[in-house]
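Here the protein sequences line up with chains A and B, keeping their order.
The first sequence: position 111 = 135 (my numbering), numbered continuously.
The second sequence: position 305 = 329 (my numbering), numbered continuously.
Comments concern the structure below.
Number of protein chains: 2
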Amino acid sequence: MEISENKLIRKIKAFEDKSNKVLRGIGDDGAVVQLPTGPYVLVQDAMVEHVHFEFSFVDPYDLGKKAVYVNVSDILSMGALPLYFLVTIGLNPALTSRDVSRLYRGMRQAAREFGAILIGGDTTESKNDFFIDISMMGKVITKSYLGRDKAREGDFIAVTGSLGESAYGLHLFKEGRGGKGLKRFLKRYSSPKPPYPVWKELVKHDITRAMMDVSDGLLIDLGRMMTESRKGAIIHFERLPIPSILRKDNKEIFALSGGEDYQFLFTFPKNKLETVQRITMQGHPVSIIGEVIQGKGVKVLSKGKTLEIPVKGYEHFGNPQ
Amino acid sequence: MEISENKLIRKIKAFEDKSNKVLRGIGDDGAVVQLPTGPYVLVQDAMVEHVHFEFSFVDPYDLGKKAVYVNVSDILSMGALPLYFLVTIGLNPALTSRDVSRLYRGMRQAAREFGAILIGGDTTESKNDFFIDISMMGKVITKSYLGRDKAREGDFIAVTGSLGESAYGLHLFKEGRGGKGLKRFLKRYSSPKPPYPVWKELVKHDITRAMMDVSDGLLIDLGRMMTESRKGAIIHFERLPIPSILRKDNKEIFALSGGEDYQFLFTFPKNKLETVQRITMQGHPVSIIGEVIQGKGVKVLSKGKTLEIPVKGYEHFGNPQ
Chain A
25 MEISENKLIR KIKAFEDKSN KVLRGIGDDG AVVQLPTGPY VLVQDAMVEH
75 VHFEFSFVDP YDLGKKAVYV NVSDILSMGA LPLYFLVTIG LNPALTSRDV
125 SRLYRGMRQA AREFGAILIG GDTTESKNDF FIDISMMGKV ITKSYLGRDK
175 AREGDFIAVT GSLGESAYGL HLFKEGRGGK GLKRFLKRYS SPKPPYPVWK
225 ELVKHDITRA MMDVSDGLLI DLGRMMTESR KGAIIHFERL PIPSILRKDN
275 KEIFALSGGE DYQFLFTFPK NKLETVQRIT MQGHPVSIIG EVIQGKGVKV
325 LSKGKTLEIP VKGYEHFGNP Q
Chain B
25 MEISENKLIR KIKAFEDKSN KVLRGIGDDG AVVQLPTGPY VLVQDAMVEH
75 VHFEFSFVDP YDLGKKAVYV NVSDILSMGA LPLYFLVTIG LNPALTSRDV
125 SRLYRGMRQA AREFGAILIG GDTTESKNDF FIDISMMGKV ITKSYLGRDK
175 AREGDFIAVT GSLGESAYGL HLFKEGRGGK GLKRFLKRYS SPKPPYPVWK
225 ELVKHDITRA MMDVSDGLLI DLGRMMTESR KGAIIHFERL PIPSILRKDN
275 KEIFALSGGE DYQFLFTFPK NKLETVQRIT MQGHPVSIIG EVIQGKGVKV
325 LSKGKTLEIP VKGYEHFGNP Q
């Protein structure tokens, strides 16, 4: 493809027919449709061999978990709980039926953690690369869906957990490194479970209207949220939740540009600050990293000065890392 | 894979968690879930380059139509009308952004014919083969869903339209043949629109409880229906709706083993015979090809004698044509 992923999505969006039953279409973590009893979310997310993963790093069991987690993450990001999912697998000749069992065992494990039920899908051959594509349906449980388009001027910008863990994990895999203190990074890469406990607190206390998951890197993803909300963002580098080992290893850039953390990025009005701080004190990690402003784009400040970031993150076409 | 598709699906079915909200899970054209306002159908069906199609035969526009049609076909087969769909495309380097536009234009065209609305999905890179995977949601409009498990002893077995058209179309493509009288076969292969008018009549007159589409060939598909219904079938070769050119060209076998016709295969009780005949007389082609019996398997009779069929149809693993 000769165009970037953002451009491609804009192109595809032009083919979307309008309907007043579609509360949110292309351009968010998931689509929201109005059924007679309320809003439901539909998402679909694929993982392709040699693009998203290598079997030399990731076991089929973990891959199954990850494929479910990334879809659960999209469902949760919209303020919904997962209900059902379907799976298409494209099986290349290298996969054995034991691998397929491990893959489905991983999916079942991850799905059970969130109450999602496998109901169908498609099994097909693939001549070269293996792929897995999951579609998932969930029910919105927030007052209205959480969308990338709902950030408002003056909102704080916050993120759950730590950033850059998954990219650091991939880096370790590539270098063949492991060991005790590094396990969490490898695991964040190979089976990134969405941070469900903190999500539940955020939803319970009605903290946010604008949420998404960090899948392609903070800068790209926050940039997308600002585009959808027609706002700009200022974030402070010193406030980013960067694991100390990334600082030591000179990999702080992963916190800005590393993909696949599957933490939640959200904004909230200032009158919710006290509640957010209370949630944090109760052991649910949330970092307030910046603020929504008039304008557009994402500005990163470090010690009061604007940082220039060479590589913004993972775009699937045109702008590879 | 060292096992057949049927075996693989049985294996996968073991990973299905039970729920009383899942009215029908793995093993049918689609899954049926009970939402508070009624039953909905969810389906997901992929097409992979070099497995399901070649770009040398199929233009991206037709491919987009076909990808939607095969999912619509699954939705209709369950007694439902399509509502929404999501699309994952795995884009290999050979595809241009113009191809992608044509692909989505085809999808939109096919979707509009059935009132389905594109709401989302995923765009990803693929290093080798292009793939498209669509998930679709529909609402059941029949009294209860139409399932492969609902054929009853004594039911007639019937099929809409003609059989073998799509396989003959593929055969013509491979031989580089075309011309006036052959167009319908090429078209049935490249964009097999589900026979909506006859489906509407069948549903309106409450003809059937057991329906599926013919996607992998009559023998394999009818065999699956009989397995799910724990019954057997006898069909009469002379009653199969085989286009005369297939007979002339000695390709009658395509009517039994050719895939991708996307006609509807269904059973109905004898007291509906008169209504079915009336529907046929009104120009909606339905052929009564056999009967459901006690036992198992599918027996094909020709002039009273059992036919032995060497190749039963298209199975995605183990048993290639």
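Don't be surprised by glycine CBs; every beta carbon is placed ideally from N, CA and C.
Short check: CB of residue i to CB of residue j, under 8 Å?
i: B:Q287; j: B:I158; result: no
i: A:H114; j: B:V111; result: The sequence as given places Gly at residue 114 of chain A; His does not occur at that position. Contact: no.
i: B:K90; j: B:Q133; result: no
i: A:A135; j: A:F154; result: no
i: A:D53; j: A:D98; result: yes
i: A:R172; j: A:R233; result: no
i: A:L66; j: B:V124; result: no
i: A:L105; j: A:P218; result: no
i: A:E284; j: A:P216; result: yes
i: B:K294; j: B:Y192; result: no
i: A:G103; j: A:V227; result: yes
i: A:V324; j: A:F261; result: yes
i: B:I50; j: B:K37; result: yes
Using a 10 Å radius around the Cβ and a threshold of 16 neighbouring Cβ atoms, would you call residue i buried or exposed?
i: B:S168; result: exposed
i: B:R48; result: buried
i: A:T61; result: exposed
i: B:G130; result: buried
i: A:Y128; result: buried
i: B:Y85; result: buried
i: B:P221; result: exposed
i: B:K174; result: buried
i: B:E225; result: buried
i: A:L194; result: buried
i: A:K255; result: buried
i: A:G203; result: exposed
i: B:G342; result: Low confidence applies here, because B:G342 scores a pLDDT of 42, under 50, leaving its location unreliable; read the following figure in that light. Flag for B:G342 reads exposed.
i: A:K329; result: exposed
i: A:E298; result: exposed
Determine the chain B residues that contact residue i at a beta-carbon separation under 7 Å, and present them in chain order.
i: A:P63; result: By Cβ distance, chain B contributes nothing, its closest Cβ being about 12 Å from A:P63, past 7 Å.
i: A:F79; result: Ordered by position in chain B, no residue passes the 7 Å Cβ test against A:F79, which lies about 14 Å from the chain.
i: A:L59; result: L59 and T61
i: A:K174; result: Correct list: empty, because the minimum Cβ distance to chain B is about 17 Å.
i: A:H74; result: K151
Assign residue i to one of three DSSP states: helix, strand, or coil.
i: A:Y128; result: helix
i: A:Q345; result: Any reading at A:Q345 must be qualified, since the residue scores a pLDDT of 32, below 50, and its modelled position is unreliable; the value itself is stated next. In the structure shown, A:Q345 sits in coil (DSSP, three-state: anything other than H, G, I, E or B).
i: B:S326; result: strand
i: B:G88; result: helix
i: B:H76; result: coil
i: A:Y169; result: coil
i: B:G247; result: helix
i: B:L105; result: strand
i: A:Y220; result: helix
i: A:S121; result: helix
i: B:A55; result: strand
i: A:S311; result: strand
i: B:H195; result: helix
i: B:E177; result: coil
i: A:I259; result: strand
i: B:I33; result: helix
i: A:Q68; result: strand
i: A:L110; result: strand
Which residues bound the alpha helix (DSSP H) around residue i?
i: B:M305; result: L297 to M305
i: A:L280; result: I277 to S281
Which residues in chain B sit within 9 Å of residue i, going by Cβ to Cβ distance?
i: A:R129; result: F39
i: A:F209; result: By Cβ distance, chain B contributes nothing, its closest Cβ being about 24 Å from A:F209, past 9 Å.
Under 7 Å Cβ-Cβ, which residues of chain A neighbour residue i?
i: B:Q68; result: L110, T112, G144, G145, D146 and S159
i: B:G54; result: G144
i: B:S43; result: I141
Between which two residues does the beta strand (DSSP E) holding residue i run?
i: A:F180; result: F180 to T184
i: A:R48; result: V46 to R48
i: A:F209; result: Looking at the DSSP string, A:F209 is not in any beta strand (DSSP E); the run it does join, the alpha helix (DSSP H), is K207 to S214.
i: B:K163; result: F155 to V164
i: A:F292; result: F288 to F292
i: B:L142; result: I141 to E149
Against residue i, what residues of chain B qualify as contacts under a CB-to-CB distance less than 8 Å, listed in chain order?
i: A:I27; result: S121
i: A:I33; result: T147
Who are the neighbours of residue i on chain A, taking C-beta pairs under 9 Å?
i: B:G49; result: I141, L142, I143 and G144
For the ligand PLP, is there any heavy atom lying closer than 7 Å to the beta carbon of residue i?
i: A:A104; result: You won't find the ligand PLP in this model; it holds no ligand whatsoever.
For a contact defined as C-beta to C-beta under 8 Å, what are the partners of residue i on chain A?
i: B:S97; result: Under the 8 Å cutoff, chain A gives no residues; its nearest Cβ is about 13 Å from B:S97.
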